[in-house]
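Inspection log for the structure reproduced underneath, given as structure tokens.
Residue numbers (the numbering used here): 3 to 302.
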């Protein structure tokens with residue numbers, strides 16, 4: 003496949019028109035059109051709709067499917083060029099859930115980014131179930147997930163378990179920490195997230211009627227904090243999310259009594275890693291263990 007033709011296709015997609023792509027690439031519009039036609043001929047597909055009166059480009063169904071392939075091809079070419087110009091370099095690909103990525107892992111990313119010799123980080127966020135597949139297909143070197151699954155080619159190791167706590171807006175009269183009983187919390191003001199945990203779900207259903215669900219249910223911890231504007235709002239989350247939220251804003255943390263099951267966190271790796279993967283996993287483990295140790299020591 004012609005790399006220049008692929009980059010031209012992506013430029014047209016990015017800019018929205020052949021004329022703007024020509025300006026960006028410093029080429030004549032006829033050259034852009036020629037490259038696109040050549041790419042379509044090589045693929046045996048029509049990627050872009052053509053017709054009078056179309057000011058903005060429109061992709062055909064085949065063109066929409068080709069976008070992901072073109073982006074992968076472009077990224078592969080850039081990595082090949084980097085390898086040719088700088089020689090081999092350690093690459094560590096890490097996958098986590100969105101909440102871990104946002105609230106727990108930034109210190110680890112910063113530490114690895116300063117490692118010597120340099121390690122290039124590739125960071126991905128998926129749901130826990132998807133992360134297992136990415137590691138099994140060797141698209142990721144390591145994943146950290148919130149749900150345990152058994153697959154024949156993967157190692158799954160529990161790293162730690164985090165207490166589940168209530169977080170709410172802190173008011174002037176309330177202490178920053180304390181204890182609350184489930185019956186003291188008004189379900190009408192819960193911002194609910196299941197955390198993909200059947201054990202937490204079962205505990206939650208014991209205290210609040212599952213036939214009358216919360217007014218707001220989400221699948222993203224970051225969105226929960228953005229929605230928490232009423233002092234009556236509350237949510238239950240792992241301590242590692244609550245502590246980071248506490249540092250970022252005016253939130254109070256309440257431990258629950260009786261407490262829900264702790265949230266386990268698992269590390270997933272391939273049973274048969276490549277030699278290069280073994281080396282970068284040793285680097286990951288070093289910093290990950292330091293991060294876990296610091297979190298365990300700092301937790302209230």
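Beta carbons: idealized from backbone N, C-alpha and C, even for Gly.
- Residue burial annotation: residue 21 is exposed, with fewer than 16 other C-beta atoms found within 10 angstroms of its C-beta.
- For secondary structure counted as the alpha helix (DSSP H) over 4 or more consecutive residues, the segment 172-223 holds these complete runs in sequence order: 200-209.
- The beta carbon of residue 214 is closer than 8 angstroms to those of 189 in its chain, skipping five residues each way along the sequence.
- For residue 170, the beta-bridge partners assigned by DSSP are 254.
- Burial check for residue 259: the Cβ neighbour count within 10 Å stays below 16, so the residue is exposed.
- Residue 152 carries a coil assignment under DSSP once its states are collapsed to helix, strand and coil.
- Taking the CA atoms as reference points, residue 125 sits about 19 angstroms from residue 79.
- The beta carbon of residue 37 lies closer than 6 angstroms to those of 7, 10 in the same chain, with the five residues before and after it left out.
- By the Cβ test, the segment 93-101 is in contact with the segment 126-144, since at least three Cβ pairs between them sit closer than 8 angstroms.
- Shortest Cα-Cα distance from residue 139 to any of 205, 209, 155 involves 155.
- Under the three-state reduction of DSSP, residue 25 is assigned to helix.
- Here the alpha carbon of residue 35 sits roughly 10 angstroms from the alpha carbon of residue 41.
- Listed as beta-bridge partners of residue 265 by DSSP are 164.
- In the three-state reduction of the DSSP assignment, residue 19 falls in the coil class.
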